[in-house]
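One structure is given below, encoded as structure tokens.
There are 2 protein chains.
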Amino acid sequence: MAVVGASADTSKWGGDVAARLLRTETVRPVYLVNRKGGEIHGRTAYPSLSKLPEIPELVILAMPAAAFETTLDEALALGSKAFVALFAGLGETGRDGAERERLAAARLREAGALMIGPNCMGLTDHSTGLQAVAYLDVPPGAIGLVSQSGAMGEEFVARARAWGCGFSRYVTLGNQADVGIAEVLEAFVDHEPTRVVALYAEGLREGRRLAEAAARVVAAGRPVVLLAPGRSAAGARAARSHTGSLASSTAVLDAVCRATGILRVDSPRELFEATVALLDAPRPRGSRVAVITEGGGHGGIAADALEAAGLRVPAFGAALAGRLREALPGSAGTNPLDFALGTTEPDAYARALPLVAGADEVDAVFAVGQLGYWAARFPEHGELVAAEVKGAEAMAASARSAGKPLVVSTVYPDAAPAVRLRAAGVPVYREIASAVGALAALVCVVEARPSGVPHIPRPAASFERAPDYWQAREALAMAGVAVVEGRRVTGAGEALAAAQELGYPVALKALGLLHKSDAGAVALGLGDADALLAALADFEARLAPPACVVERMAARDEGIELIVGCRRDPLFGPVALVGFGGIYAELLQDTRTALAPLEASGAQTLLEELRAAPLLSGARGRGALDVAAAATAAAALSRFAAAHPEVEEVEVNPLLVLPSGALALDARIVLRAADDDALRADEEDA
Amino acid sequence: MAVVGASADTSKWGGDVAARLLRTETVRPVYLVNRKGGEIHGRTAYPSLSKLPEIPELVILAMPAAAFETTLDEALALGSKAFVALFAGLGETGRDGAERERLAAARLREAGALMIGPNCMGLTDHSTGLQAVAYLDVPPGAIGLVSQSGAMGEEFVARARAWGCGFSRYVTLGNQADVGIAEVLEAFVDHEPTRVVALYAEGLREGRRLAEAAARVVAAGRPVVLLAPGRSAAGARAARSHTGSLASSTAVLDAVCRATGILRVDSPRELFEATVALLDAPRPRGSRVAVITEGGGHGGIAADALEAAGLRVPAFGAALAGRLREALPGSAGTNPLDFALGTTEPDAYARALPLVAGADEVDAVFAVGQLGYWAARFPEHGELVAAEVKGAEAMAASARSAGKPLVVSTVYPDAAPAVRLRAAGVPVYREIASAVGALAALVCVVEARPSGVPHIPRPAASFERAPDYWQAREALAMAGVAVVEGRRVTGAGEALAAAQELGYPVALKALGLLHKSDAGAVALGLGDADALLAALADFEARLAPPACVVERMAARDEGIELIVGCRRDPLFGPVALVGFGGIYAELLQDTRTALAPLEASGAQTLLEELRAAPLLSGARGRGALDVAAAATAAAALSRFAAAHPEVEEVEVNPLLVLPSGALALDARIVLRAADDDALRADEEDA
């Protein structure tokens, strides 16, 4: 291994990483390179890579960005194949830096070499003994951490040290000029030493590849927990300025999580706590949590927090309640279970635990309150302290024998009983929110039913130019979307004939405009020939359209209007959207997003997941609508969009769902702008 | 002061509180009482209160519940006027205990005496030097804490000790047999030493009195922060089993908070952190937060969390952005502001702060990331550490001179720079959520516009028995609610005459049934005499109603259906509700609740706060509906309900809002069940 830019000043990256590598130097000899030569940390500093006694397998780049290309060329010429680029100042600074990264990545690929970074803090792989992280020693363990940000990685390590766990692999990726998150995730699929993968991502590349890799890691039994800023506009702005990456909309990222089984969290604390919960705890069979407390109000607050997180705190059945009242006289035997003892009987938790943990109606147990009170507050009461400690041991044993997760939150997380519980594998937290987050992570992972990452079909023949409304109608109809019957007409004669054939009332729509409604190019409910001719004359006077479409008026009163669409996400490619249309679109803000293309069954699930789905299934005395037909249309539209990489967006608004069938009453296809070509190429690679 | 049930065993309440009182004994002599006499903690233990050398002003009751009445009688006979009841085992155990509490409270009132508890942990008032808390020394300061739960109080004190703040008064209330939260709050209105009041409440009594007291405390410039479990069914169950108190619905409690300006939080951590934020920090003028970070992704996560909490992280204006780019070359000058420096320039925060804190477009500053990195991680780099510490001091000075809140969250909250900031009055947190909670508390308090607690009118003449539909219509019409025109009819002749007068189509409704629709006792849209007679014959055959109502059919298509109602909350009395009716009721779950009676302006505000309010104001091309008329009807209904304490619930569903006017199409008045009389009396007292 070689460090280029090695320095004697350990406050600099090149100084710290050199000193750190020398400290852990074992099988791999470490060479230091510094233009000025001399001696650093008691070792010879070589003036360049070519002067080293052997060719380095791994080169750590800690010199300034200005010397990047020269150093890389020299190393590639020597035959080095692996690089860790710590220096900053390229892609995150703007277009020029990004271009230099692109060129370097091409050179690396050509040479069959790999690079992590730049703008990263290095990596550690305890399974191979590789340690090349600046400013940090990474403790060994079973967490795989992948972080774009070195600072986030460092924070995670600080939490892990305090908790007493460690890492199988620790990888910071920075700007991902060459190696990206997707590639690192792929390497976790079969990585036995890793039990959970924690992922901090600001900007993603190779979206589909990443999603597929994550899905495989999850399927291999290694949960993936993701922290990704950008839920707010300001958060997305911040991510962009930090590593220069594009952010997907948060709805798309949530869709990726549903497809792959990734668990998404919202803060560094949650990232750590969910990861640790998934590391060791037995998996619950469901979301029914028993809350037990010695009394003092913590039980109610815990129950509120659990239910807000989507878990359940159901009342106990009569038999269990009876057994609890017997074991803990004075308690009401309900859930939350309040021993009504305050801290006076420190073994109460231990008496309650086997009963609740052993009950079939309980999937997990949350002990909340003041466990460890005497040890923390009044250590002079030795007997009470001893009873607390013994109780803690009994609690851990009960949970273990029941095979169910037990989490504890106490005002006294550092007292002896808490320490004893932790030593026995029971997580003990200071805050109720932490324990709730841990349980929620366990239940989410158990209840997730990843829908999988759909395959993108081979591209169909491209549109040469943007299709107008008539062409969009035709294309979607060909693709299998039922479109309201219509005729393309030029002039009054053709219009009247078409209306005659379709039957009044009809709609008239002018072609040649992108936003028909806004331009006043749509006339609905034309009841007779006079009305049709008047509308046509008006269009011709105002819009001079090349042609018009006459359509049969659909029975809007008999159905409900949906929106179905598909747009191209810059990172994850085609993404389908379904939601309520018409008056409901604005009111309900009720849409669902998923990776495209959809199967009809997947589309139907999305529709059924809409909050206002009861509208479709016969609420309010009306008969059920044909959700299956709507799903078929949405799926056909999404297949069409996925097979057309030149298409930016396809939308049918409204799709009228009827008691039998679903009919597109409008259609819009927008092509990508020309300067998106680079992105398109990228996607086709994947 | 006397402690009854004093004990030598300090693991018992009577032992701990006795020892603690003796340690802090100053102006008030402390006497110990124990049936067995002898000597305790080196003092004479008297066998009963009557044997004391003087009559105790304050008696601390730490004996078992069984001896309560005897002790109380003895003390009242002696002339003692104040009691702190630490013992448990009464109201929280069930009906018998509650009855004993009720009788004792009556005896206390009769004697002009007061009691805190039972089932409490005592109280401290540093403004009078009174300390009577079990198991705890309460540090002095400016927080007023009122907690039903001793355990929650104790947890709050532990957090306060760690933070370095303290209490003006510390009051635990337990079962509130006599003194309740309302009374304690009243004593804070003019309490100069108190700057913020933190309140933990499980069950409330005297709801209106409490709300009025809280409103007065808030109006006096002392924010009130409330933690109350019961948002979930399980949480409400837990609160009930802990102190035997009734819980209000969480929507009602939220309405009380809006009316009074109380800030409601969801966890002990939030209760503490919001309280501390409100203790010292300057008040922001608005919700625009500048986020500054040295880089590493924390900025984006912080921005997401701020916006999720309802704060704003707007982009900086061009002038400020330019100044920032000049001061911090490499940064994008946007918000969040990423210095793009990592930890390499420890004075970057101090350079950014005067610029952002001084800008008019910024109301508060959140510095987030790794502040204190060198001090915490590499203290050997003395120069960098010194620069960090100096930077921290400069940050505090900048914020002070700008007069705006600065909060800090860092991975290294215990390092020297953080300590220095805290000493200078800048709160420094470990978790992003804590800093966001603090800022949210400040903004909430500044932006709250409490609507006030409405006055309940004098009772009107009571209904002797439950009014039927016709009587309900008449009563509401009299009260000022516009009701659709109708006639009470008996037999076909009267029905036909009424329909003739009103004009077809008409509706026919059978009287004598509580749930008309469920019983099939409503026939709508009867277009002619035949249809009316058929419906009447059907009703008579099936339901044999004493009479029917014939009503004009309203033009439902021209308006939107609302629900307006008022029900009697067991704690807070009449509570008004407005929401969307018809198909929207189910779909939108969109209702607003407020303390009744409403003014028309208040009712209009509630209607305008509905999520789907755009439906009323002319969305979707339709003209605006008469929201003012709907508000007038809701206000009239709520005044009616408030003036009828014998009424449990009044509901108009639907109230049809039209382009001009609003018309009740139905009306329902439900009286209270007889066994609610005790509650009613309670409320009338208040």
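Order-wise, the sequence lines are chains A and B.
Following our numbering, the residues of the first sequence are numbered contiguously, the last one being 686.
Following our numbering, the residues of the second sequence are numbered contiguously, the last one being 1372.
Glycine residues also receive a C-beta, built at the ideal position from the N, C-alpha and C atoms.
Source: prediction; values computed, not measured.
Quick one: what does DSSP say residue i is sitting in, helix, strand or coil?
{"i": "D178/A", "result": "coil"}
{"i": "L1210/B", "result": "strand"}
{"i": "V819/B", "result": "strand"}
{"i": "L762/B", "result": "helix"}
{"i": "E212/A", "result": "helix"}
{"i": "S734/B", "result": "coil"}
{"i": "Y886/B", "result": "strand"}
{"i": "A771/B", "result": "strand"}
{"i": "D468/A", "result": "coil"}
{"i": "Y373/A", "result": "helix"}
{"i": "K36/A", "result": "coil"}
{"i": "M1/A", "result": "coil"}
{"i": "P1040/B", "result": "helix"}
{"i": "E1079/B", "result": "helix"}
{"i": "P1143/B", "result": "coil"}
{"i": "P954/B", "result": "helix"}
Return the chain-ordered list of same chain residues with a C-beta closer than 8 Å to the C-beta of residue i, the five sequence neighbours on each side being excluded.
{"i": "R1106/B", "result": "V1075, A1078, E1079 and A1082"}
{"i": "G244/A", "result": "The predicted position of G244/A is uncertain, since its pLDDT is 46 and thus under 50; a value taken from the coordinates is nonetheless stated next. Once the five neighbours on either side are set aside, the close Cβ partners of G244/A are G91, E92, T93, G94, G97, A98, N175 and G203."}
{"i": "E431/A", "result": "S409"}
{"i": "E485/A", "result": "L502, E551 and R552"}
{"i": "A628/A", "result": "A600 and Q604"}
{"i": "L1070/B", "result": "P1032, W1060 and F1064"}
Report, in whole angstroms, the separation of the C-beta atoms of residue i and residue j, which I expect to be a contact under 8 Å.
{"i": "V977/B", "j": "G983/B", "result": "Incorrect: roughly 12 Å between the Cβ atoms, too far for contact."}
{"i": "L610/A", "j": "G579/A", "result": "7 Å"}
{"i": "S80/A", "j": "E57/A", "result": "7 Å"}
{"i": "L616/A", "j": "V657/A", "result": "6 Å"}
{"i": "W374/A", "j": "P346/A", "result": "6 Å"}
{"i": "G1123/B", "j": "A960/B", "result": "6 Å"}
{"i": "T128/A", "j": "G153/A", "result": "Actually they are not in contact, since the Cβ atoms of T128/A and G153/A sit about 18 Å apart, beyond 8 Å."}
{"i": "G866/B", "j": "R891/B", "result": "5 Å"}
{"i": "A820/B", "j": "D702/B", "result": "5 Å"}
{"i": "I456/A", "j": "P574/A", "result": "7 Å"}
{"i": "L965/B", "j": "R847/B", "result": "So it is not a contact: roughly 15 Å between Cβ atoms."}
{"i": "A327/A", "j": "A352/A", "result": "7 Å"}
{"i": "A1207/B", "j": "L1199/B", "result": "5 Å"}
Residues in its own chain within less than 7 Å of residue i by CB, not counting five upstream and five downstream?
{"i": "D178/A", "result": "A105, L108, L114 and M115"}
{"i": "L246/A", "result": "Because L246/A sits at a pLDDT of 47, beneath the cut-off of 50, its placement in the model cannot be relied upon, and the point is left open."}
{"i": "S1017/B", "result": "L1010, R1011, L1023, D1024, F1025 and A1026"}
For residue i, which residues in the same chain have their Cβ closer than 6 Å to its Cβ, ignoring the five residues on either side in sequence?
{"i": "A75/A", "result": "L49 and V59"}
TODO: Give a yes or no on contact between the region 867-877 of chain B and the region 913-925 of chain B, applying the rule of three or more CB pairs nearer than 8 Å.
DONE: With fewer than three CB-CB distances shorter than 8 Å, the region 867-877 of chain B does not count as touching the region 913-925 of chain B.
Task: Members of the region 149-162 of chain A near chain B, C-beta cut-off 8 Å - done: S149, G150, A151, M152, E154, E155 and A158
Task: Segment contact flag, the region 1304-1324 of chain B with the region 1339-1359 of chain B, C-beta cutoff 8 Å, min 3 pairs - done: By the criterion of at least three beta-carbon pairs nearer than 8 Å, the region 1304-1324 of chain B is in contact with the region 1339-1359 of chain B.
- [ ] Kindly confirm or deny that the region 213-222 of chain A and the region 260-269 of chain A touch, where touching means at least three C-beta pairs closer than 8 Å.
- [x] yes
TODO: Output, in sequence order along the chain, the residues in the region 225-239 of chain A whose CB is closer than 8 Å to any CB in chain B.
DONE: L227, P229, G230, R231, S232, A233, A234, G235, A236, R237, A238 and A239
Open item on the list: Would you call the region 52-71 of chain A in contact with the region 29-43 of chain A, where contact means no fewer than 3 C-beta pairs closer than 8 Å?
Closed with: Yes, the region 52-71 of chain A is in contact with the region 29-43 of chain A.
TODO: For the region 743-762 of chain B, enumerate the residues whose C-beta is nearer than 9 Å to any C-beta of chain A, in chain order.
DONE: none
- [ ] Determine which residues of the region 292-313 of chain A have a Cβ less than 9 Å from any Cβ of chain B, and write them out in chain order.
- [x] Residues are counted here when their Cβ sits less than 9 Å from a Cβ of chain B; for the region 292-313 of chain A these are T293, E294, G295, G296, G297, H298, G299, G300, I301, A302, A303, D304, A305, L306, E307, A308, R312 and V313, given in chain order.
Open item on the list: Three Cβ pairs or more, each shorter than 8 Å: is that satisfied between the region 439-446 of chain A and the region 587-598 of chain A?
Closed with: no
Task: Residues of the region 24-51 of chain A with Cβ closer than 9 Å to any Cβ of chain B, in chain order - done: For the region 24-51 of chain A, which is checked against every Cβ of chain B, not one residue is closer than 9 Å.
TODO: May I ask you to list, following chain order, the residues of the region 1333-1357 of chain B that have a beta carbon less than 8 Å from some beta carbon of chain A?
DONE: Of all residues in the region 1333-1357 of chain B, none has a Cβ within less than 8 Å of some Cβ in chain A.
- [ ] Residues of the region 944-958 of chain B with a CB closer than 8 Å to any CB of chain A: list them in chain order, please.
- [x] D952, S953, P954 and R955
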